[in-house]
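Take numbering that gives the first Met the number 0: the last position of the sequence shown gets the number 274, and nothing is skipped along the way.
Right, one structure below, let's go through it.
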Amino acid sequence: MKVLDAKFVQGFIRMCNDGWEQGWHERNGGNLSYRIKAEEIEEIKDELTATDDWREIGTEVPELSGEYFMVTGSGKYFRNVILDPEDSCSIIEIDESGSRYRILWGLVNGGRPTSELPSHLMNHEVKKIASGGAHRVIYHAHTTNVIALTFVLPLTDEAFTRELWEMATECPVVFPAGVGVVGWMVPGGRDIAVATSELMKKYDVAIWAHHGMFCSGEDFDLTFGLMHTVEKSAEILVKTLSMTSEKRQTIQPDEFRALAKDFKVELPEQFLYEK
Ligand code: 2HA
Ligand code: ZN
């Protein structure tokens, strides 16, 4: 099968375009990666060729040795993925040590996988273990309203989780574990990858102060939907804070507990503090 005809490749391209249409990917902002299933690699293996040497990832991900990923390219624009996926994206293989990768498809006009490859792969490693192999998608986007909130809310998991939960009743059901927050750090390297993957042991969402968000999920629908839900909640909070500094009414801790019971989710008490 042609790589571009594979269902997962179509899903990857669609998700990039959906993110572009949401306004989360100005210029070359944001990146997406997908851990490819063995049977999906089998379908396209005739089109995969190692034309490149092994290169350092910049960190070690031994749990991902021998895995294959589809990733967006460094400096590439989400806006262009749908028009020319072979220029904007690549399929890479991780070596046996989990410290190097090589390109097997894509980036036909040159280039490297996303500058955030260390964060993507460290998050994949943590989520693969935590979800028993179920999570396959890591998505980074420059979500406007979440970024705006990182200038006004305390940069704590507690403040962000509670405020975002309060903004839409579905939120605690969609991300019951809450969200983690990383203070401002230099992007692209191992340090921010370590800090983010540490949070991903607990959460499916990590917010990067003054930068954007990382989400993890089982498939494209769930992961895009998670990003969309968190960002929409942030938009409601931005609108609310623009009208008033004090909410007249909101969802109360006991109401969250009642919701958790009916929707069969566990909401950590850490986020149900009295204000
Ligand atoms: O430009 O989003 O974090 C890609 C990025 C870096
Ligand atoms: Zn970014």
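Backbone N, C-alpha and C fix where the C-beta goes; we use that ideal spot for every residue, glycine too.
Where the beta strand (DSSP E) containing Val-136 begins and where it ends: Looking at the DSSP string, the run of the beta strand (DSSP E) that includes Val-136 is 136-140.
Neighbourhood of Tyr-202 by C-beta, 8 Å cutoff - its chain only, sequence neighbours within 5 removed: Cβ neighbours of Tyr-202 beyond the five flanking positions: Asp-156, Phe-174, Ala-176, Gly-177, Val-178 and Gly-179.
Thinking C-alpha only, which one of Ser-114, Asp-52 and Lys-36 is nearest Ala-192? That would be Ser-114, whose Cα lies nearest to the Cα of Ala-192.
Report the three-state DSSP secondary structure of Leu-23 (helix, strand or coil). In the sequence on display, residue 23 carries Trp and not Leu. Correct three-state label for Trp-23: coil.
So which residues touch the region around the ligand 2HA, with touch meaning a C-beta under 7 Å from any heavy atom? Answer in sequence order: Asn-27, Gly-28, Gly-29, Asn-30, Thr-113, Ser-114, Glu-115, His-139, His-141, Pro-186, Gly-187, His-210 and Gly-211.
Quick one: what does DSSP say Pro-112 is sitting in, helix, strand or coil? It is a strand residue.
Buried/exposed call for Ser-96, threshold 16 Cβ in 10 Å: In this structure Ser-96 is exposed. Its beta-carbon is surrounded by fewer than 16 other beta-carbon atoms within 10 angstroms.
Phe-219: first and last residue of the uninterrupted alpha helix (DSSP H) it sits in: That run of the alpha helix (DSSP H) goes 219-242.
Assuming Leu-103 contacts Ile-90 (C-beta within less than 8 Å), just tell me the rounded distance between them. Rounded to whole angstroms, the Cβ separation of Leu-103 and Ile-90 is 5 Å, and the two are in contact under 8 Å.
Going by DSSP, what residues sit across from Ser-64 in a beta bridge? Under the DSSP definition of a beta bridge, Ser-64 lacks any partner.
Whether or not the segment 231-242 and the segment 180-189 are in contact is what I'm after, with contact meaning three or more pairs of Cβ atoms, one per stretch, closer than 8 Å; do they touch? Result no; under three Cβ-Cβ pairs closer than 8 Å.
Proximity below 7 Å, CB of His-141 to CB of Gly-216: No. Outside cutoff.
In terms of alpha-carbon separation, which member of His-227, Leu-47 and Arg-111 lies closest to Gly-22? Residue His-227 holds the alpha-carbon nearest to the alpha-carbon of Gly-22 among His-227, Leu-47 and Arg-111.
Starting from Trp-104 and walking both ways along the beta strand (DSSP E), at which residues does that stretch end? Note, Trp-104: beta strand (DSSP E), 99-105.
Output needed for Ile-340: all residues of its chain with C-beta closer than 7 Å, excluding positions within five of it in sequence on either side, in chain order. A question about residue 340 goes unanswered here, because the residues of the chain that appear run from 0 up to 274.
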